[in-house]
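For the sequence shown, our numbering assigns the number 510 to the initial residue and increments by one for each residue that follows.
This report concerns only the one structure given below.
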Amino acid sequence: MEPSSVSSNSAPDIPLIAKEAAPARISHLLFFAGLVLIALLATAALLRSTPYGIGLVNDSASYVNGAQNLLAGNGYTRTSGGGELKPITHFPPLFSIILGLMGAAGIDYLQGARGLIAVFFGLDAVLMGLMVYQVSRSMAFALLAAFILAVSDTFLKVYAYLLSEPLYLTLMLGTFLILGLYFENKSKKWLIASGFLIGLSYMARYAGISLLFTVLLALILLRGIRKTNLHFPFRPVAILIASFLFPVLSWSVINALISPQVEAGLIGNRQIAWHPISLSTLFNSLKNLLTWSAPDVLLKSLPVFGSVISLLSLLSLGVLILWLAWVVWHRWKYQETSSLERSQISLAISLGLHIPVYLVFLIISISFLDASTPLDDRIFTPIFVLGLALLCSGLAWFWSRAGRLEKTNHKNLIRIGILIASIFLFLTGARDGQAVVNDLGREGLGFTHRGTSQSPALQVIKGMPESLVLYSNRPTALLLLANRPAYILPARLDPVTQQLRPDFQTQMDEMQAQIISGKAALVIFDMRNSDDPQEVEDFKAVTNGLPILADFGGIIIFFVEE
C-alpha cells in the first residue's frame, strides 16, 4: 500500500495540531496542579509556623488599630495613650482597609490576618511560578522557583508576622505578571491594570513608588531600544500614571470624607534631614543581601562559606548585568526576534531593573526621610523575590541554550551542572524550610511569644482602671494583647531622624511625676535583661525611684497603689 493510501476501514487522520495540543494541555494541567500543590504546601508551612498566632511587633499595632478606627468611622487614625485620635501617616492604609473589611464581617483581626497572610504566601508561590514561566517558558524551572519560595526560611520569617510586606509582595508579583502580558500584546487594558496594582502597592508600602519608577523606566528604555520607534512613549506613560493615581486619590477623598476633623494624606510624617547610612551598616547589609540563598547549615558550620557565597553572588550579579546588557544590545542590532521572545526579554529586563531602582529608593529614604528603617531581610525581600525569579529564569535560559550546542559533550556537561545546581537548591531549600518551621512554631513570635502573651502581667493591666494613663516601651504590645492604649516611653533619640530630642528630660520628669502621684502606671517589657547595654542603662534611668507594683520577670509594672 502506498503511504498516501487509506484503507476503507481505517480511522480518519487526526490533524497534527490536535495531536500536539493534547500533550500540551496535559503538560499545562500538570504544571498548574504542581503550582496548586506548592501553594498548599506554602500555606500549611505558614500556619504550622504560627500555632500561637501570627507574629506581632510594633508595626502590627498600627495596622490593627487603624482597622479598628476605620471600622468605627474615625478614619485612618490611631488611638494614643490618652484616647486621642491621631492620623496614621507613617504606614500606608491598604492593609488596615483589608483588616477593617474582615472586622466588619465579624472576623477577629489577628486570626483573620493569620489566615490572610497564609493565603498570600500560597498565592505568591503561584505568582512566582507563573512569572518565571512567562520569562523562560520552562515549566520545570517555574515549579522550582515556586517551590523555593514556598520553603525558603527567609520568606517564611517575613510572612510569619502581621506586617504589610506579604500584601506588597503579592501586588508586586501581580504587577510584573500583568506587565508581561502587556509586553506580549500591547493591550491598553494590561497597562491600566499594571498602573492600578502599582497604586495599590503604594498604598500597601511607600516603597511602591519605586515600582512605578521601574515600570516607567522600562517603558521608556524598551521603546528606545527599537530603532523604528525612538519617540518618547507619552501615551503609555500617561496611562500608567493615571492608573496609578486612581486608587491613591480615591482613598485620599474617601478618608477625608470619613474623618474631616483629622488631617489625612499619604505623604507620611517624615521630615527631610540628612542622616547617611554608615559604612558598617552598608557592609552588613550587602553581606545579608548576597548570602540570602545560602544554606543555613553551611553558614553556621563553615563561616568562611558565607564569604565564598558572597563572592560568588557578586560575580553572578555582574554576569547578570552583562547578560542583560548583551540582550539589550542584541535587540538593538537584530530586530528579527519574535514578539513572544521580545516580551520575555522585556519582562526579564524589567525585573532586573527594579533591583537597582529599589535600592536607590532605600538609600534616599533612609538618608533623608527615615533613618529608623533597618536594612534587614524584611526590607530586602522584594530583591530576594526578584533575584529568585531571575536565577531560575537564567538556569532555564542556559538549559535551553545548551541544547543548541553542536558538541554533545559540552551540552551534557552544562546541563548536568544546571541539574546539580537545581537539585542543590531544591534539597537545601526543603531542609532550611523544615528547620525554620519547627523553630518559628516552638514558642511564638514577637508579642505572641508565650512568655509575653501568656504572662499574668496582662491580666493585672486589664484589671486597672480605664481612666489610668499607661506608659510603656512597648505600647503596641499593650494595645494588641490587653486592648489598652498607652503612651510611648520618652526616648533620647528620635528614631526617624536619629537626632537628640530637646524635650526628652522634660517629658521624662512629667511621666515620673504622674507615676509617683498615682495618676499613671509604667509597664516595661524586657529592658532589664536586654542584650543592649544602652537599653539596660536607660532602664535604670527611667525607673530610678519608681515603686514596683508587680515584677513578672520579662514584664515589670511600676505604679503607686492607693
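Note that beta-carbon positions come from the ideal geometry of N, C-alpha and C, so glycine has one too.
Just verifying my parser: in three-state terms, what is the DSSP assignment at residue i?
i: residue 601; result: coil
i: residue 1063; result: coil
i: residue 655; result: helix
i: residue 585; result: coil
i: residue 595; result: strand
i: residue 713; result: helix
i: residue 966; result: helix
i: residue 1069; result: coil
i: residue 631; result: helix
i: residue 761; result: helix
i: residue 866; result: helix
i: residue 650; result: helix
i: residue 981; result: strand
i: residue 642; result: helix
i: residue 914; result: coil
i: residue 1057; result: strand
i: residue 636; result: helix
i: residue 616; result: coil
i: residue 691; result: helix
i: residue 1032; result: strand
i: residue 564; result: strand
i: residue 672; result: coil
i: residue 1002; result: strand
i: residue 1094; result: Examination of residue 1094 is not possible in this model, given that the chain is present from 510 through 1071 alone.
Would you say residue i and residue j are within 9 angstroms of each other, going by their C-beta atoms?
i: residue 1068; j: residue 964; result: no
i: residue 997; j: residue 1033; result: no
i: residue 995; j: residue 988; result: yes
i: residue 871; j: residue 716; result: yes
i: residue 643; j: residue 686; result: yes
i: residue 630; j: residue 555; result: yes
i: residue 564; j: residue 954; result: yes
i: residue 575; j: residue 623; result: no
i: residue 1020; j: residue 1009; result: no
i: residue 749; j: residue 704; result: yes
i: residue 1013; j: residue 986; result: no
i: residue 676; j: residue 713; result: yes
i: residue 729; j: residue 742; result: yes
i: residue 722; j: residue 866; result: yes
i: residue 645; j: residue 905; result: yes
i: residue 547; j: residue 655; result: yes
i: residue 647; j: residue 701; result: no
i: residue 720; j: residue 681; result: yes
i: residue 856; j: residue 706; result: no
i: residue 577; j: residue 612; result: yes
i: residue 667; j: residue 887; result: yes
i: residue 573; j: residue 618; result: yes
i: residue 931; j: residue 653; result: yes
i: residue 945; j: residue 665; result: yes
i: residue 699; j: residue 711; result: no
Quick check: what's the CA-CA separation for residue i versus residue j?
i: residue 639; j: residue 650; result: 10 angstroms
i: residue 925; j: residue 903; result: 15 angstroms
i: residue 777; j: residue 693; result: Here the model assigns residue 777 a pLDDT of 48, short of 50, so the residue's position is not dependable, and the following value carries that caveat. Approximately 37 angstroms between the Cα atoms of the pair.
i: residue 582; j: residue 678; result: 29 angstroms
i: residue 914; j: residue 920; result: 6 angstroms
i: residue 858; j: residue 602; result: 31 angstroms
i: residue 726; j: residue 560; result: 43 angstroms
i: residue 775; j: residue 598; result: Note that residue 775 scores 42 on pLDDT, short of 50, meaning its location in the model is unreliable; the coordinates nonetheless yield the value given after this. Whole-angstrom Cα-Cα distance: 6 angstroms.
i: residue 978; j: residue 610; result: 30 angstroms
i: residue 662; j: residue 1047; result: 34 angstroms
i: residue 1056; j: residue 993; result: 21 angstroms
i: residue 1064; j: residue 673; result: 28 angstroms
i: residue 683; j: residue 1022; result: 53 angstroms
i: residue 1058; j: residue 595; result: 31 angstroms
i: residue 852; j: residue 641; result: 13 angstroms
i: residue 542; j: residue 549; result: 11 angstroms
i: residue 974; j: residue 570; result: 22 angstroms
i: residue 959; j: residue 787; result: 36 angstroms
i: residue 785; j: residue 873; result: 9 angstroms
i: residue 1050; j: residue 1042; result: 13 angstroms
i: residue 552; j: residue 1035; result: 32 angstroms
Mind checking whether the beta-carbon of residue i lies closer than 8 angstroms to any heavy atom of the ligand FAD?
i: residue 613; result: As presented, the structure is devoid of all ligands, the ligand FAD included, so that no description of it is given.
Counting only beta-carbon separations shorter than 9 angstroms, does residue i have a partner in chain B?
i: residue 980; result: As a matter of chain content, chain B is missing from the structure shown, which is built from one protein chain.
Please look up how many angstroms separate the CB atoms of residue i and residue j, rounded, as I've assumed it's under 8 angstroms.
i: residue 658; j: residue 897; result: 6 angstroms
i: residue 927; j: residue 908; result: 5 angstroms
i: residue 938; j: residue 660; result: 5 angstroms
May I have a chain-ordered list of the alpha helix (DSSP H) segments no shorter than 4 residues that lie completely inside the segment 875-956?
886-911, 917-952
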